[in-house]
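Only one structure is covered here, and it is reproduced in the block below.
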Amino acid sequence: MRPYKVLLFIAAVMACLAALCEVLPGRVAWGEKELRWPTLADVIETKDNGQGTMDNLVDTIIEPIDTIVELTDTIAAKDTIVPEKPKPVIPKVAVDSVTDSRLFLAAFYEALDHADGQMIRVLHYGDSQIEEDRMSQQIREKLQAQYGGRGAGLLPLAQTIPSRTVRQELWMNDRKITPAQGPRRYLVYGPKRDQRTDGMYGVMGQVAMMNDSLVKGSEAITAACTPLDGRPRYTQWKVFADTSIHYSFAGDTVYLSGKGKVYGLSQQSSTGVIVDNIPMRGCLGLVFTKMDRELLTRFYREQNVRLIIMQFGGNAIPSNQNPGTIQGIVKGLREQVRYIRECAPDASILFIGPSDMLTQTDGEWHTYPMVPYMDRLLRKMALEENIAYFSLYRWMGGAGSMARWQEIGLAGSDGVHFMRSGARKAGNAVADWILSGRTAKGEQTDEVNSESEVVE
Amino acid sequence: MSFWEHIFAFNEESPLLFTQFYFWAFFALVYALFALIMAKSEGSKAKVDGQVSNGRLHLRNVYLLFVSWFFYYKTSGLFLLILAFITISDWLIAGRIKASGEGRKAKAWLCLSVVIDLGLLAYFKYAYFFTNMVNDLFGTGFRVFDIFAYVGNGFAGAGRFSVDTIILPVGISFYIFQVISYTADVFHRRIQPVKNILDFGFYVSFFPQLVAGPIVRAEEFIPQLYKPFRLSRRAFGIAVFWILNGLAKKIIMSDYLAVNLIDRVFDNPLLFSGFENLFALFAYSLQVYADFSGYTDIAIGVAMLMGFYLPMNFNSPYKSQSPQEFWRRWHMSLGRWLKTYLYIPLGGNRQIGFGTYFWLSLIAFVSAALTGWWVWILVPFGVFMAGVFVWNKWMSRKGDASIESRKLLYANLNSFITQVLGGLWHGASWNFIIWGGINGIGMIVEKIWRKMGWHVRFASITILTAGLCVADYTTNLPAWRLFAVWAAIIWVGTAIRYVYWLCEGSDNRFTKAMGTAWAIVQTFTFITFTRLFFRSSSNLDPETANEVAWATAKNMVNQIGGAWSNAIIPDFLWEYRWVVAMFVAGMVIHWLPTNWKRRYRLAFSAMPLWLMVIAVCVAIVVIYQFVTADMQPFIYFQF
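Same order as they appear, the protein sequences are chains A and B.
According to our numbering, the first sequence is numbered sequentially starting from 1.
According to our numbering, the second sequence is numbered sequentially starting from 457.
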């Protein structure tokens, strides 16, 4: 076959495809699906996705949070560029444009300033975004660097997900076992079969039953919890368990025996700040009201919990495209906040909203339409409840920022989770934001009252 | 960036990829001028007895050389200078080798060529590896320094290029191997040196295979430079088929699986259950194949349209019944290269000499240095090597009586070295060494297994399975559980065949077919598990690559061996039904009999041209439905 014929063939194919570009209007309905085909303009013009150069992206990412707080309205406008399709009807939310919500951390700052050698505890609850001690680790490091304190804080009896901070191994009657082979574990955020009816979960939302009649015997449990290299050593062990559980320590190992509930272990110091990482995989954050009020109240009081960080909302996004459902979830979260406050009246509460999250439609990555909506609702809820709010979504750069994070290796390919480097960056940002609020505390305290009037 | 800038200006963010429209626009333009050149040559009086004049061929070669250089510039920018340097240097040296006859002088020129070529490869690919190793060994704090960037800054102004990082030029591993094959072939007088440097440059840089192979040996390609354009009607149809086949493999199979499952699981294995991790691992095996073979299918098709024939690079590798067969079917051009220029010079199955001892010692030394297990590695290695040396001397005295045993030893040692160095060719990090090593060991074990009688086979696998079960029970580590389960599965298969052998004595057609299927599944599983170490996020900084690859492999093994979660399997299969369907379809197509594939290829190529145009358009529309937003680079570009 002669080359000119090959050339004609190539030209014929290109002509046909170009004709298709003219004939097909971008998408053609085909049953329930759509047939995609680009227009000629899509093919020839290089797309400018508005993301700018990598330098600009980094600038966006590290934009100071203070600026972002002031930019609520402009960012809300920016959000509208995201959902090209589908376009659910999203009700408008009246978002205030005034406040620096760190004012609601005033009690926590007070506690830090007047610790007088007391230990102060910070609990960081969250979904899979904080697994492996992500984000909590940076918050811990920064707070402990400034106010003292050592140790990783609370640990479950059996480590089902590795942590970057402590490596745990479990032994039963001198035989190394996997967590699944250990004492029966109940999770408040687990499937039905793993839940309890009496709400006795402990502050971590989980409990391990030693010598539970439902499972194999667990007469003697040994948990080795080794802090990973480079971490300052903790100075004391604590075991949160029924009084029927006997325990002793040797180095990084704790020995337990008896029959009863083990709510958690803790490697900590007797002074300074202890930051506990409490990940709840797949959890919407609507579980706290299922946990025994008395148990929580006692722990929060006895352990001097002065700040509770709640980082939820992300798990509601992928399966809910309906604004009504999102409103319902936020309403449920409001209940959780109130419940926590009742259990821990002395503690400040900080809510961290979901990060930007991507979904793929017709091969294109988009921010889930409900992310900005949920972020605004959460912020509104937080301010109405007088708790601090950190918008991870806005701090990242708003709609589409997760795609940029992916490009520079900060986020995973699922468009939802951070890579370790991304989690480190986010954790540092949250910690800095908390700490810088304390510096500004003196100047702003007077505004708290007036601010609360502004909030709807 | 405008349409024309996209095609003609260098932008590292938008190289010319086979999967993008811009490449095909570029190719159409290139082909238009190509057709003009060839049309003139066909119509000219210079065509005598079917032979096109050398002038026309030369013009075609020069034209395609510059097109190829432009293509490389679009992909790698100023690294084009490295390609040009290698071209000039090896062309000159090959000329000196020819002029020097067969003596030491020729050998010295060959050595010089290899030193320059491998030196450049080592500089760009292994600088981080060596720097890290030296730092680990001596506690120093050296950092890499890019001398080329430093020199470049001298011309372009300070700060134009970063001297703190060394960037790997795309495709350097492929074209370096090509030029080595050229000088070696000239030295061994398998080919005559190319007289015209531009023709030689064309051989080195031919754009369809420049950045990811197939690695074309000089003796296969250079004769084609002097042959007239020849493309039969059927060959044209086959070429179009290969291009479509490659695009479908890459976009429908590879990218779809990667974006919708594999990348997510490998990014964070702990978020997924053991079953999901296992499925993603198998899917990754298919992805790598679809990705790489998709690229070479397109390269072969594009080259054929211009009248050049590239060697086959894949032959349904997952149909292999043993690791050895797998490596004969996978990345065949690299396998042939390693066999010709490494395995055979080492002695093949005929001897072991200085090269064998040297490379084994070096591998042991590097392993000890990287792990810090000096005593645990070097002492057993020393004992092993001493044993090999003594055994070899002793058996050599027996002459031909021991030839079979010696052949087995020689072949195993030399093929192990070849596999490890083949692994190292892919990347300068620990995980690639492990990957190559596991493949080497797999080949050795399989060879020994085949030589065993049924009694010994059954006894061996029984002992191994029992040992692994004990290890699993005592340590309770997921890795041991994984090995124990796998061994138990092999034990069941072996037991069935053993009992059958005891009762019947020989295989019938049915049991042979079952045996073949069993061997294929086991080989696929073995190769899939080696991929745990193959997938690395970085090819440059071994520290990062090792950490990421090791953590990923460890977490995946932990999940597969420790967090299986049967309850989640139905949910997973339903939620990921399209991914599962794609994987199953991919494997079924892969395992179709070769004759069937040949038939539908021929049927496609025999279509009338008008029908072929329609078929191509329909195929492209279908493929387009699977295009993802992000550019998914070909996996083998990083090598």
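We treat Cβ as the ideally placed atom computed from N, Cα and C, and that holds for glycine.
Fair warning: this is a prediction, and the values are worked out from it, not measured in the lab.
- Interface annotation for the stretch 410-438 of chain A against chain B: GLY412, SER413, ASP414, HIS417 and MET419, criterion Cβ-Cβ distance under 8 Å.
- The DSSP-derived three-state label of B/THR1008 is helix.
- Contact of B/MET1063 with chain A by beta-carbon distance below 7 Å is absent, the smallest such distance being about 12 Å.
- B/LEU1048 and B/LYS849 have their alpha carbons spaced roughly 48 Å apart.
- Cβ neighbours of A/GLN303 within its own chain (closer than 6 Å, five residues either side excluded): ARG121.
- Following the DSSP letters along the chain, one finds A/SER266 in no alpha helix (DSSP H) but inside the beta strand (DSSP E) bounded by residues 260-268.
- If you look at A/ARG196, you'll find it isn't in any beta strand (DSSP E); DSSP assigns it neither H nor E.
- Of all alpha-carbon atoms in B/ALA488, B/GLN476 and B/PHE479, the one lying nearest the alpha-carbon of A/ALA11 is that of B/ALA488.
- Interface criterion met: the Cβ of B/GLN1081 is under 7 Å from a Cβ in chain A.
- With respect to the 7 Å criterion, A/LYS176 and B/ASN932 are classified as neighbours on the basis of their beta carbons.
- The shortest C-alpha to C-alpha distance from B/LYS775 to any of B/TYR745, B/ASP753 and B/GLY763 is the one to B/TYR745.
- In chain order, LYS290, MET291 and ASP292 place their CB closer than 7 Å to the CB of A/GLY199, counting only its own chain and leaving out the 5 sequence neighbours on each side.
- Of the candidates B/ALA927, B/ALA951 and B/ILE946, B/ALA951 places its Cα closest to the Cα of B/TRP910.
- Counting only residues of its own chain and dropping the five nearest sequence neighbours on each side, B/ALA825 has a CB closer than 8 Å to the CB of MET589, ASP592 and LEU593.
- When secondary structure is reduced to three states using DSSP, A/MET172 falls in the strand class.
- B/TRP886 and A/VAL166 have their C-alpha atoms roughly 26 Å apart.
- Interface residue (Cβ-Cβ distance to chain B less than 7 Å): A/VAL6 is classified as such.
- Taking one beta carbon from each stretch, the stretch 220-229 of chain A and the stretch 257-265 of chain A have 3 or more pairs nearer than 8 Å; the two touch.
- When only Cα atoms are considered, A/PHE240 and A/ARG193 end up about 24 Å apart.
- Proximity of chain A to B/CYS1073 at the Cβ level (cut-off 8 Å) is accounted for by VAL13, CYS16, LEU17 and LEU20, in chain order.
- Under the three-state reduction of DSSP output, A/TYR109 falls in the helix class.
- Residues of the stretch 719-731 of chain B with a Cβ closer than 7 Å to any Cβ of chain A, in chain order: ASP719, ARG720, ASP723, ASN724, LEU726 and LEU727.
- DSSP places B/ILE833 outside any beta strand (DSSP E); the residue lies instead in the alpha helix (DSSP H), whose first and last residues are 830-853.
- Under the three-state reduction of DSSP output, B/THR475 falls in the coil class, being neither helix nor strand.
- Residue pairing of A/ARG121 in beta bridges, as defined by DSSP: A/ILE274 and A/VAL305.
- With the rule of 3 Cβ pairs closer than 8 Å, the stretch 780-797 of chain B does not count as touching the stretch 684-692 of chain B.
- Counting only the Cα atoms, B/ILE983 lies some 13 Å from B/TRP942.
- For B/VAL1078, the closest C-alpha among the options B/ALA668, B/TRP1030, B/ALA612 and B/LYS705 is that of B/LYS705.
- Counting only Cβ-Cβ distances below 9 Å, B/THR931 has contacts in chain A at LYS176, in chain order.
- Less than 7 Å separates the beta-carbon of B/PHE662 from that of B/SER524.
- Per DSSP, A/LEU187 is one residue of the beta strand (DSSP E) stretching across 184-187.
- Look at B/ILE623 here: in three-state DSSP terms it is coil, with no helix or strand label.
- For A/MET1, at least one C-beta of chain B is nearer than 7 Å to its own C-beta.
- A direct Cα-to-Cα measurement between B/HIS644 and B/GLU1003 gives close to 43 Å.
- For A/TRP365, the enclosing beta strand (DSSP E) covers residues 364-367.
- Unbroken alpha helix (DSSP H) stretches of 4 residues or longer found wholly inside the stretch 923-964 of chain B: 934-960, given in chain order.
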